[in-house]
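Note sheet for the following structure.
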Amino acid sequence: MRILLVFFIGFLSFFYFSEILNRVVKGIRYSFLGLFFVLLGFLVSFWGQSMLTGGVNILTGLFLIGSGLGLIIHHLLSQRFILFERSEQEFVLKHANGFERFLEILPGSLTWLALTSPIWLSFTLPYAVAYLILIADVYWLLTAFRIAVLIIIGYRKMEWAKHQDWQKLLRKDFPKEWEKYYQLILIPTYKEALYILKPTFNAIANCSYPKNKILIAVGFEERDDPEKIRETKEYLKKIERKIGGVFTTIHPYGLEGEVAGQGSNKNWMIKHILPQLQKAGIQIEDVFVTTLDADFVIHQQFLAGALYKYLSLPGSVRDKRTFTGVFLYHNNYWQTPTPMRLMATGTSFWQMAEMVGSDKYMNYSSMSISLKALLDIGLWIPDKVNDDNGFYWKAYFHFNGDYRVVPHFLPISGDAVQDVTLFKTFQNQYLQIKRWAYGVEHIPFIVKQYFTKEIDFWDKTDRVLFKIWGDLKWGFLAIFVTFGSLLISFVNPSFKTSVLSVNLPIVSSWILTITFFGLFGTIYVHEKVVPKRPADWSLFKRIWSYAQWLLLPLILITISSLPAIDAQTSLMFGKKLEFRVTNKARLLEKV
């Protein structure tokens, strides 16, 4: 453990020292000093035992290697080259495809390196593995209590937002601005039946915002069921009489440069709706866009609240922001199997905690943005599966780092995963998580923009590391914490005789047990927000609905972690993922 500690102390201290050096002395190539430190570190490690006895030469050498790497990596990230700028840039451009492929391999390789570390590292450094497991346990503990606190704060913010009359506040605080805005709601749909879509349309039509200023756009896919498209269009004629207008588009399948999915469909919708808006005399600057999944049912004040949040920001800032509500999956909550309920609640509350506690919250499923800003950014990335994550990074780099997602905390209710059979339900849940985890596909784009855009060094570095760490811990952390300690003694039997071997499972167990108490915040908010349990439920079902949290560790290891590993491994081996719509079935409503 001392070896790793000394290495990281050297790395981090000289990484931060490089920043000070870079600000004080401009133009210095301190990477040469870093290279010297690395070489000196290897010399001291292998041939310094005559001068530094008792293993001190190893510790000194690793400190020097860590220090040198800190200097070199900081120089690479901040100056965009290591030693010779022109030749390195030419090399990268010449091998651009190879570097992109390397960056696709990177997330999966890091995950598998971390997952297998209790095996390969235990041969030589079993104590280091044990301490790493304890550090991971403590991280898990702190994260659990942090999330619990943030969920409670987020719940209170949501309750406060729900009880405000945002339409009245618009009239009061922005009397000369708000009336010009049309609300354009984009709803891409593929395979969702009309009984799924009806509540979405009705919730929009029943919003508090003036009806003549509400425009619904529904984007069908060419490969969808023609009868479903016909039925939906017929129903939209009824909705059109209540609001300002309805637009429909049909997105062709197999267009060059596209992945069939929500991103490319929304691009098609915007491009074909623009001429119709202009024909109706509606200016681009007067349109506020909200994107919704086909099953999303919005709060009555949602549109007014989102616009209020937009107008409350300075004019120089508001078009560099997107706005989002709180995601709750309650449309069919008590119909779904227990694991799907836990995944729905976990996803919902994780998003809520990130909205409250992080300035790096990324777009997810729904957003509101001015049409002008949306066109300025260039719409969604058309050839990627994970359109929300891609849009965040595209907007972040487009605005040179001055981009944020701003929550207004008004709720959206969606569908928890449910299909017509239990097996298909589990299959859909797995594939949905895999698609979400496939956001790693944007790593090559992110790294390329990182090295080409003039953005504050610490801001972009912080966000990129946040992204990489988020993807990494999604795949490995739950499995590492659960099974890591079991592998050390199996791989290295000599570790069994140590005191640490005896204490590790005891200490780890206590930490994880205390961690479980962090769930009480989640359970408290869960009971406050979920729909009432069905009146016809048996006593056993009611008791189990309270005891369901006991399954959470198993869910984290299986339904959460395994799809993430699968997604990263697929990208690592060059197996591109196609957009797959999660089938939606509310079994108690379907005719």
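Just add 260 to wherever you are in the sequence shown, counting from 1, and you've got our numbering.
Backbone N, C-alpha and C fix where the C-beta goes; we use that ideal spot for every residue, glycine too.
The structure presented is a predicted model; accordingly, all values stated were derived computationally and were not measured.
Residue ranges of uninterrupted alpha helix (DSSP H) with 4 or more members, entirely inside the segment 618 to 701 and ordered along the chain, are 631 to 637, 647 to 658 and 682 to 697. For the options Tyr652, Thr449 and Phe405, the alpha carbon positioned closest to that of Ile703 is the one of Tyr652.
Under the 10 Å beta carbon count, Gly358 is surrounded by fewer than 16 other beta carbons and is classified as exposed. Residue nearest to Arg793 within the set Thr596, Gln349, Lys569 and Met529 is Thr596 (criterion: CA-CA distance). Shortest Cα-Cα distance from Ile411 to any of Val785, His559 and Trp718 involves Val785.
Between the C-alpha atoms of Met622 and Asn282 there is a straight-line separation of about 31 Å. Taking every protein chain shown into account, the CB of Pro378 has 16 or more other CB atoms within 10 angstroms, so this residue is buried.
In the three-state DSSP reduction, Gly517 falls in the coil class, being neither helix nor strand. Closest by C-alpha distance to Gln678, out of Leu457, Gly270 and Gln687, is Gln687. DSSP, reduced to helix, strand and coil, places Arg361 within a helical segment of the structure shown. Non-local C-beta neighbours of Ile739 in its own chain, meaning closer than 8 Å and more than five positions away in sequence, comprise Leu375, Ile817 and Ser821, ordered along the chain. Annotated three-state conformation of Lys844 is strand, per DSSP. In the DSSP assignment, Arg581 falls within the unbroken beta strand (DSSP E) covering Arg581 to Leu588. For Gly479, no alpha helix (DSSP H) segment is defined; the enclosing uninterrupted segment is the beta strand (DSSP E) at Ile474 to Glu481. DSSP lists Ile474 and Phe548 as the beta-bridge partner residues of Gln443.
When the five nearest sequence neighbours on each side are left out, the beta carbons in the same chain lying within less than 6 Å of the beta carbon of Gly330 are those of Phe271, Phe274 and Phe275, in order along the chain. By the neighbour-count definition (other C-beta atoms within 10 Å, threshold 16), Gln561 is a buried residue.
Take Asp731, set aside five residues on each side of it, and the residues of its chain with a beta-carbon closer than 6 Å to its own are Pro367 and Val700, in chain order. Secondary structure at Thr313: coil, using DSSP grouped into helix, strand and coil.
Here Arg802 is exposed: its Cβ has fewer than 16 other Cβ atoms, across all protein chains shown, within 10 Å. Comparing C-alpha distances from Tyr589 to each of Val519, Asp675, Lys569 and Leu319 shows the shortest one belongs to Asp675. Straight-line spacing of the CA atoms in Gly781 and Thr775 works out to 12 Å.
The beta carbon of Met603 is closer than 8 Å to those of Ala676, Val677, Gln689, Ile693, Ile815, Ile819 and Ser820 in its chain, skipping five residues each way along the sequence. Going by beta carbons, Ser468 and Gln424 fall outside the 7 Å limit. Shown here, Gly541 sits in coil according to DSSP, grouped into three states, outside any helix or strand.
In this structure, DSSP gives Phe556 a state outside helix and strand, which the three-state scheme calls coil. With distances taken between CA atoms, Ser630 lies nearest to Asp546 out of Ser310, Asp546 and Val519. Per DSSP, the beta-bridge partners of Val506 are Ile476. Under the 8 Å Cβ criterion, the segment 650 to 668 counts as touching the segment 577 to 588, having at least three qualifying pairs.
His511 is bridged by DSSP to Glu481. Taking C-alpha positions only, Ile748 is separated from Leu265 by approximately 20 Å.
Approximately 7 Å separates the beta-carbon atoms of Phe507 and Leu475; this is inside 8 Å, confirming the contact. Around the Cβ of Trp400, a 10 Å sphere holds 16 or more other Cβ atoms; the residue is buried. Counting only residues of its own chain and dropping the five nearest sequence neighbours on each side, Leu319 has a CB closer than 6 Å to the CB of Val266. Its Cα nearest to that of Tyr698, the residue Ser830 stands out among Ser830, Lys733 and Phe711. In terms of Cβ geometry, Trp380 and Asn527 do not form a close pair [threshold 7 Å].
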